[in-house]
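Position in the sequence shown (first residue = 1) + 351 = our numbering. Working notes for the structure below.
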Amino acid sequence: MRTPPKRRLRLPRSRLGRIAAAVAAVLLLGPLLLILLFRFVPVPLTPLMLLRAAQGYGLNHHWVPYEHLAPTLAQAVIASEDNRFCTEWFGFDFDALSGQIAALGDGERPRGASTITMQTAKNLFLLPGRDWFRKLLEAWLTPQIALLWPKQRVLEVYLNIIEFGPGIYGAEAAARSFFGRPAAALTREQAIRLAVVLPDPLDRSAVRLSAGLRERVGVIDRRIGQLGSLLACAR
């Protein structure tokens, strides 16, 4: 006697539509609600922190308000990472983006045009990666942060969650780990040293800089003096 074939469970189309709508609402509104929350509330953890902890790097993170960060640190990060940060619209550097698009069209390898706001969005919500889907998510989140947060809040969150070394997140943890002092007491050179490790925090150390990075410290130091009003939002 044949066993009757098992029936596959099929959801009605109307129910599938409701599920899809609910998932879409969570994906669209979830980050927005968190962005609104973190406009006022310190960020406790990020996906990268959890990933690095699982990889065995530990978790050293201490949130401090913006006024407890040495002013030179925000200026050094802008001078190193994103010169036009204070004047950018929607969190993008459109001049840099157009240059990268032109380079791509000429067959050159784009060098990247990531802004501080884009990096904040990435660190706040996403895991490391270079795939186009992650880039699209980053592009979707960035203008929301730029529109809902003032510039100084972007800097505050960025400097409190960014990775400065293996298992070290935020300027306060970095200042104490590398220099044995709070972030408010960083010297000008120490603040710039922290800024130069950001592109590669797992392989660079603020206390053991290569000759090239020591030269980079001098470049950023001079650039801080040259940027003038472009640093207005970091004061």
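Glycine residues also receive a C-beta, built at the ideal position from the N, C-alpha and C atoms. All values reported here derive from a predicted model rather than from experimental measurement.
message: Can you check which of these residues, Asn474, Ser431, Glu540 and Gly480, is closest to Ile386 by C-alpha distance?
response: Position 35 of the sequence shown, counted from the first residue, corresponds to residue 386. Comparing Cα positions, the closest option is Asn474.
message: Give me, in chain order, the residues of the same chain whose beta-carbon lies closer than 6 Å to that of Ala375; leave out the 5 immediate sequence neighbours on both sides.
response: The residue given as residue 375 occupies position 24 in the sequence shown. For Ala375, the predicted structure reports a pLDDT of 47, less than 50, and the residue's modelled location is therefore unreliable. The matter cannot be settled from this model.
field: Simplified DSSP state of His419, which is helix, strand or coil
entry: For the purposes of this step, residue 419 is taken as the residue at position 68 of the sequence shown. Helix, per DSSP.
field: Close beta carbons around Val505, own chain, < 6 Å, minus the five adjacent residues each side
entry: Here the question's residue 505 lines up with position 154 in the sequence shown. Only Thr468 and Thr471 meet the Cβ criterion.
field: Boundaries of the beta strand (DSSP E) in which Glu514 is found, first to last residue
entry: One-based indexing of the sequence shown puts residue 514 at position 163. Glu514 to Gly516 is the span of the beta strand (DSSP E), which, as asked, contains Glu514.
message: Can you tell me whether Arg567 sits near the ligand ZN, meaning its C-beta is under 8 Å from at least one heavy atom of the ligand?
response: Inclusion of the ligand ZN in the displayed structure is not the case, the ligand content being empty and no account of it being possible.
query: Is DSSP giving Trp414 helix, strand or coil here?
result: Position 63 of the sequence shown, counted from the start, is the residue given in the question as residue 414. The answer is coil: DSSP assigns Trp414 none of H, G, I, E or B.
task: State buried or exposed for Asp482, treating a residue as buried only when at least 16 other CB atoms are found within 10 Å of its CB.
output: Locating residue 482 in the sequence shown gives position 131, counting from the first residue. It is exposed - the Cβ of Asp482 has fewer than 16 other Cβ atoms within 10 Å.
task: Quick one: residues in its chain with C-beta nearer than 7 Å to the C-beta of Asn434, no 5 flanking neighbours on either side, listed in chain order?
output: For the purposes of this step, residue 434 is identified with residue 83 of the sequence shown, where counting begins at 1. The residues are Leu578 and Leu581.
- prompt: From Asn411 to Leu477, what distance separates their C-alpha atoms?
  reply: Along the sequence shown, read from residue 1 onward, the residue named residue 411 stands at position 60. Along the sequence shown, read from residue 1 onward, the residue named residue 477 stands at position 126. Rounded to the nearest whole angstrom, the CA to CA distance from Asn411 to Leu477 is 19 Å.
message: Assuming contact is defined by CB atoms lying nearer than 9 Å, are Pro382 and Phe443 in contact in what I supplied?
response: Here residue 382 refers to the residue found at position 31 when the sequence shown is read from its first residue. Here residue 443 refers to the residue found at position 92 when the sequence shown is read from its first residue. Contact flag unset, no.
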